[in-house]
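Chemist: Can you keep this structure in mind? I'll have questions shortly.
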Amino acid sequence: MFENLIYQREDAVAVLQLNRLAKKNSLNGALRKELEHALGEIKEDKGVRAVVLTGGGDVFCAGADIAEIQETGSAESAYQHAREFQLLFDRVEGLPQPVVAAVAGYALGGGCELALACDFRIASEGARFGLPEIKIGAFPGGGGTQRLPRLIGAAKAKEMILIGDPITAEEALEIGLVSRVVPKQKLLEEAKTFAAKLAALPRLALEASKMLINRALEIDLASGLEMEARCFGTLALTHDLSEDTRAFLDKRKPNFTGS
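Okay, so the sequence shown: first residue is 154 according to my numbering, each after it adds one.
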């Protein structure tokens, strides 16, 4: 079905692997379309509770395809190119399911921005994160100037973007860009285990929590609190919340159905 992407289901976890290894998983138009299609399928699949996004064992993603960048010969075409990346990464961020990026090797430019759109980032020892666009007279146009400061703060984001040097996995952990660093041979296993832990939780509460946290970065506190209370009221009517309460009283493991 896909030529540049490997899509597998492992119980309630979907595993997406970028598969342009000869091009260091650079995000050409074909890969972007396949990724968009897969994300659309996952969004509608209630059986998928969490997602792992990986580039394989050697490189996560080297960013945009250089051949395509050279074709953006006007301001309008460059704008459209940036918007295509932004909208794709918006779809990653907007998935109802939590997404775990398993990053080995380099995550540069658009590859780093792709990782930023995920909810969690787990890196292997030796991984590198960077937004080097400044060195060719540009800047990260796929959301990097917006998502990175929201994640690690303005000062550190300016350091990464304005200087353009990649940082190590350990440095990324220190500034909060990744949540953990693991040996390379255990990376995918760790990411899948973490995703499975998320997938075992009640789906509707998980989706509502992700949505509310994402929206909290965009709206004022009063509006966020109102939205939170409204969502909490809706969840009060779900099977999973009542099941969890009964299970607690019966001293048994709850049977969540996602309804």
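The beta-carbon is built from N, C-alpha and C at its ideal position, and this holds for glycine as well.
(1) Could you name the residues of the same chain whose beta carbon sits closer than 8 Å to that of V166, not counting the 5 residues immediately before and after it, in chain order?
(2) Closest to A268 by C-alpha separation, out of R300, P249, E286, would be which residue?
(3) Specify, as a first and last residue, the run of the alpha helix (DSSP H) that F155 falls within.
(4) Report back the beta-carbon spacing between G208 and A257 to the nearest angstrom; my notes put them in contact at under 8 Å.
(5) Would P336 and S277 be called neighbours here (beta carbons separated by less than 8 Å)?
(6) Could you name the residues of the same chain whose beta carbon sits closer than 8 Å to that of G377, not counting the 5 residues immediately before and after it, in chain order?
(7) Buried or exposed: D272, going by 16 or more other Cβ atoms within 10 Å of its Cβ?
(8) Around the C-beta of A389, are 16 or more other C-beta atoms found within 10 angstroms, so that it is buried, or is it exposed?
(9) Please classify F242 as buried or exposed, where buried requires at least 16 neighbouring CB atoms within 10 angstroms.
(10) In the DSSP assignment, find the unbroken alpha helix (DSSP H) run with T298 in it and report its ends.
(11) Answer yes or no: do G295 and F385 have a C-beta to C-beta separation smaller than 8 Å?
(12) Would DSSP call F213 helix, strand or coil?
(13) What is the residue span of the beta strand (DSSP E) that F282 lies within?
(14) Candidates L359, L330, V212, G283: which alpha carbon is nearest L341's?
(15) Helix, strand or coil for F273 per DSSP?
(16) Distance check for K339 and G329, CA to CA, integer angstroms please.
(17) Which residues bound the alpha helix (DSSP H) around L188?
(18) Determine the burial state of K288: buried for a count of at least 16 other Cβ atoms within 10 Å of its Cβ, exposed for fewer.
(19) Buried or exposed: which applies to L169, given that a residue is buried once 16 or more other Cβ atoms fall within 10 Å of its Cβ?
(20) Could you pull out every residue in the same chain whose Cβ sits closer than 6 Å to the Cβ of R333, ignoring the five residues on either side in sequence?
(21) Near E360, what residues of its chain come up, given a Cβ to Cβ distance below 7 Å and the 5 sequence neighbours on each side ignored?
(22) What do you get for F107, buried or exposed, if any count of 16 or more other CB atoms within 10 angstroms of its CB means buried?
(23) Note down, in chain order, each residue of its chain lying with its Cβ closer than 7 Å to the Cβ of E323, except the 5 sequence neighbours on either side.
(24) Select from N157, E187, A183 the residue whose C-alpha is nearest the C-alpha of L174.
(25) From N178, L171, G279, G210, pick the residue whose C-alpha is nearest to that of L192; which is it?
(26) State the Cα-Cα distance for the pair V252 and S230, rounded to the nearest angstrom.
Modeler: With the given structure in hand:
(1) V201, R202, A203, V204, V205, K345, A348, A349, A352
(2) R300
(3) No alpha helix (DSSP H) contains F155, which DSSP labels as neither H nor E.
(4) 7 Å
(5) yes
(6) L365, R368, A369
(7) buried
(8) exposed
(9) buried
(10) 297-305
(11) no
(12) coil
(13) 281-283
(14) V212
(15) strand
(16) 21 Å
(17) 182-197
(18) exposed
(19) buried
(20) I275
(21) P249
(22) This structure cannot settle anything about residue 107, because the visible part of the chain is limited to 154 through 412.
(23) V334
(24) N157
(25) L171
(26) 30 Å
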